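Working notes, beginning with the structure itself.
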Ligand code: EPZ
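Residue numbers (our numbering): 83 to 521.
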């Protein structure tokens, strides 16, 4: 276990190159998909992060042979011996991630039953699983709440179904895909999420033998098949990590080349990066992000589902916006409580005010529900070091950026949480010239 506190002497621009690997929010789902194959699957470009270890642990608990080669960034999964896991083994992983809910469909297909522990994940809103349970019921699964989790049973083969999601949820779309591919007949999901990570999951499932078509207007159709086989795939790069380092370059007045970053996954982010005054250069090796000197400009941004501005890009960019001249307005429409991290920024000298109203072009789901889901950042403000505690994964990385941009010393507690989604982030900080010490 790594020490949990990082001391940071801020005020030094981050300069250098770092390497990106596969997207956390795809890799974990592709690992779950391997359960559906009759033969082994191999995934490349796998980052060494805690979420990958959690899914590997859960797969092993279900009888899957998992070989992780950290240096090569490869994971090989052989589901030949899939079996129901011991409750104690599942409990070991309970509370550490949201991925277990996606085991439902594959386990129902393979074993006819499943037990899914209560979910963990970042505390950024209620994060209900009602869409997931509704989907599974519609496929014909029996869902029962038990102490410590939910039990699912499929007394006969699951049946294709039609459904419209009330919101284009990433996880619910994945739930539907992972279940529909081997259900009997045709499934039609309307109002589906179409994030790049989901499209990469579709590629993996297609390699395994699934028949999936992405139609216009968020409609996904799946023709169920009786048998699937293993896959061989290279994960798409992590566009959230790329955007996080890009924000760090801007906030610290630095210059960071993110090797492996892909422009197509970052189009919306790059538009805003340019509007703020950040510069970028796309090369064959990745994307270079830098602060060109002079003043940054304030912007108005509203988070949303793809192809909108990702909610996960919001938190790191807010730190950079504390250095922009004027009032920036951020309307968070995906999670109702994703501004908790701004409290620490204000303690460091930022001026960020939260509002319950929708300060954006549209009224969102949270507009009349009393959530502080809009923010106004006034800048530029000089940040100074402070003792802060990591609230959630992206908020935590944002705190790191703030500490790196701030004058003086900060002490950031709870950095273990950042290992969930940022591979070797402490080594990368060192490589970029940051002054950090573990205590
Ligand atoms: C995924 O979460 C990601 N996590 C999140 O990244 C990401 O922020 C999010 O998608 C949006 O892009 C993983 O892939 C592991 P959702 P997910 O279902 O699938 C509501 C990170 O830091 N909803 O699209 O859980 C929900 O409350 C994380 O890497 C329901 O109401 O997100 C939220 O308001 C944080 N009922 C909205 O939908 C449901 O049953 C979007 O959630 C499911 C979701």
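Backbone N, C-alpha and C define an ideal beta-carbon position, used for all residues, glycine too. In this text the structure is predicted, and so the values were computed from the model without any measurement.
Quiz item: Heavy atom of the ligand EPZ less than 6 Å from the Cβ of residue 112, yes or no?
Solution: No, the ligand EPZ has no heavy atom inside 6 Å of this Cβ.
Quiz prompt | Same chain, Cβ closer than 8 Å to residue 499, neighbours up to 5 away in sequence not counted | solution = The residues 472, 474, 475 and 478, in chain order, have a CB closer than 8 Å to that of residue 499 in the same chain once the five nearest residues on each side in sequence are set aside.
Practice problem: Measure the alpha-carbon distance for residue 23 versus residue 183 and round it to whole angstroms. | Solution: There is no way to answer for residue 23, as the model of the chain reaches only from 83 to 521.
Quiz item: Taking three-plus beta-carbon pairs below 8 Å as touching, is the stretch 143 to 152 in contact with the stretch 224 to 235?
Solution: Output reads no: the stretch 224 to 235 does not touch the stretch 143 to 152.
Quiz item: Around the Cβ of residue 211, are there at least 16 other Cβ atoms within 10 angstroms (buried) or fewer (exposed)?
Solution: Residue 211 comes out buried.
Exercise. Taking residue 462 and residue 406 to be in contact with their CB atoms under 8 Å, please state how far apart those CB atoms are, rounded to whole angstroms.
Key: Their Cβ separation, rounded to whole angstroms, is 6 Å, which keeps residue 462 and residue 406 in contact under 8 Å.
Quiz item: For residue 381, which of helix, strand or coil comes out of DSSP?
Solution: Correct three-state label for residue 381: coil.
Practice problem: Answer yes if the stretch 436 to 445 comes into contact with the stretch 361 to 374, meaning at least three C-beta pairs across the two stretches below 8 Å, and no otherwise. | Solution: Cβ pair count under 8 Å is below three, so no.
Quiz item: Under the three-state reduction of DSSP, which class applies to residue 493: helix, strand or coil?
Solution: In the three-state scheme derived from DSSP, where H, G and I count as helix and E and B as strand, residue 493 is classed as strand.
Quiz item: What is the rounded straight-line gap between the Cα of residue 252 and the Cα of residue 277?
Solution: For residue 252 and residue 277, the gap between their C-alpha atoms comes out near 7 Å.
Quiz item: So the beta strand (DSSP E) residue 476 belongs to, where does it begin and stop?
Solution: That residue, residue 476, is in no beta strand (DSSP E); its alpha helix (DSSP H) goes 475 to 487.
Quiz item: Roughly how many whole angstroms lie between the Cα atoms of residue 301 and residue 293?
Solution: Distance between residue 301 and residue 293, taken at the CA atoms: about 14 Å.
Quiz item: Based on Cα-Cα distance, which residue from 345, 236, 134 and 506 lies nearest to residue 156?
Solution: Comparing Cα-Cα distances from residue 156 to each of 345, 236, 134 and 506, the minimum goes to 134.
Exercise. Just tell me which of 423, 221 and 249 has its CA closest to the CA of residue 261.
Key: Looking at the Cα atoms, 221 is the closest of the given residues.
Quiz item: Straight-line CA distance for residue 298 to residue 143?
Solution: Roughly 39 Å between the two C-alpha positions.
Exercise. Quick one: measure Cβ to Cβ for residue 115 and residue 290, integer angstroms, because I've assumed they're closer than 8 Å.
Key: Contact between residue 115 and residue 290 holds, with the beta-carbon distance rounding to 7 Å and staying under 8 Å.
Quiz item: With 16 other CB atoms within 10 Å as the buried threshold, where does residue 179 fall?
Solution: So residue 179 counts as buried.
Practice problem: Out of 497, 495 and 172, state which residue places its alpha-carbon closest to the alpha-carbon of residue 136. | Solution: Among 497, 495 and 172, the Cα nearest to that of residue 136 is on 172.
Quiz prompt | heavy atom of the ligand EPZ below 6 Å from residue 211 C-beta | solution = Yes, since a heavy atom of the ligand EPZ falls inside the 6 Å radius drawn around the Cβ of residue 211.
Quiz item: Among 128, 198 and 501, which residue has its Cα nearest to the Cα of residue 140?
Solution: Among 128, 198 and 501, the Cα nearest to that of residue 140 belongs to 198.
Quiz item: Are there 16 or more other CB atoms within 10 angstroms of the CB of residue 189, so buried, or fewer, so exposed?
Solution: Result: buried.
Practice problem: Return yes when the C-beta of residue 103 is under 6 Å from any heavy atom of the ligand EPZ, and no when it is not. | Solution: Result no, Cβ not under 6 Å from the ligand EPZ.
Quiz prompt | Same chain, Cβ closer than 7 Å to residue 96, five either side skipped, listed in chain order | solution = Short of 7 Å from the beta carbon of residue 96, and not among the five residues preceding or following it, lie these beta carbons of its own chain, in chain order: 330, 331, 334, 336, 338, 486, 514, 515 and 516.
Quiz prompt | Sequence-distant residues of its chain with Cβ nearer than 8 Å to residue 215 (five each side left out) | solution = Cβ neighbours of residue 215 within its own chain (closer than 8 Å, five residues either side excluded): 225 and 232.
Quiz item: Closer than 6 Å: is that where the CB of residue 416 sits relative to any heavy atom of the ligand EPZ?
Solution: Under cutoff, so the answer is yes.
Self-check item: Which listed residue (457, 246, 121 and 503) has its alpha carbon closest to that of residue 102
Solution: It is 503 whose Cα lies nearest to the Cα of residue 102.
Quiz item: When the Cα of residue 422 is compared with those of 456, 411 and 391, which residue comes out closest?
Solution: Nearest of 456, 411 and 391 to residue 422, Cα basis: 456.
Quiz item: Excluding sequence positions up to five away, which residues of its chain have a Cβ less than 6 Å from the Cβ of residue 286?
Solution: Only 112, 115, 313 and 315 meet the Cβ criterion.
Practice problem: Determine, using beta carbons only, whether residue 99 and residue 341 come nearer to each other than 7 Å. | Solution: The Cβ-Cβ distance between residue 99 and residue 341 falls below 7 Å.
Self-check item: CB contact flag (residue 492, residue 401, <7 Å)
Solution: It is not a contact, given that the beta carbons lie outside the stated cut-off.
Self-check item: Pair within 7 Å by beta-carbon distance, residue 346 and residue 319
Solution: No, the pair does not count as a contact, with Cβ atoms beyond the cut-off.
Quiz item: Taking C-alpha atoms, which residue in 86, 482 and 490 lies nearest to residue 464?
Solution: Check the Cα spacing between residue 464 and each of 86, 482 and 490: the tightest is with 490.
Quiz item: Since residue 120 and residue 243 are thought to touch, with beta carbons under 8 Å apart, how far apart are those beta carbons, to the nearest angstrom?
Solution: The Cβ separation is near 24 Å, so there is no contact.
Practice problem: Using three-state DSSP, classify residue 263 as helix, strand or coil. | Solution: Coil at residue 263, not helix or strand.
Practice problem: With a threshold of 6 Å, establish whether the CB of residue 475 neighbours any heavy atom of the ligand EPZ. | Solution: Residue 475: yes, Cβ under 6 Å from the ligand EPZ.
Quiz prompt | Among 194, 192, 186 and 193, nearest to residue 201 - alpha-carbon criterion | solution = The residue with the shortest Cα to Cα distance from residue 201 is 186.
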